[in-house]
Each structure stands twice: as C-alpha cells, then as structure tokens.
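Step one of this worksheet: look at the structure below.
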Amino acid sequence: MAKDREVLVVASKVKEYIKGKKMMSSGDLPEALSNALYDIIDKAANRAKENGRQTVQPRDV
C-alpha cells in the first residue's frame, strides 16, 4: 500500500457485500478501496480547508 497507510475498510465486510451480489473479489481489493477512500477523504479535507472550516462535512465529499 502506498506510504504504508492503514487499510480503512473492513475486508470481511467488503467480501460479504460482493458475495451477496453473487460475485467474487480479489485479495487486494480492500487495499484498492482503501486507497480510493484516502483520495476521497484528502479531497474533502482540502475542500473544507479552502472554505475556511476545520470540520469535514458530507457536502465536501
């Protein structure tokens, strides 16, 4: 994982959700989802900061 960041998603929940759709998931999917989530959070935090806030809100996502 990039920069040795912690995985933010629960792998078993991701796998369970995908299994419920009658699909399979690769072992590195949770890491990829986590990286995407880091990007979303970083963009949301930057948007909040640009708007003079220290609180990230749903509208920032």
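Heads up: the sequence shown runs through residues -14 to 46, numbered per my numbering. Cβ coordinates follow ideal geometry from the N, Cα and C atoms, glycine included.
Asked: Sufficient close CB pairs (3 or more, under 8 Å) joining the region 8 to 18 to the region -9 to 0; Found: yes
Asked: C-beta contact flag for Ala30 and Gln42 at 8 Å; Found: no
Asked: Proximity of Arg44 and Tyr23 at Cβ, strictly below 8 Å; Found: no
Asked: As assigned by DSSP and simplified to three states, the class of Asp45; Found: helix
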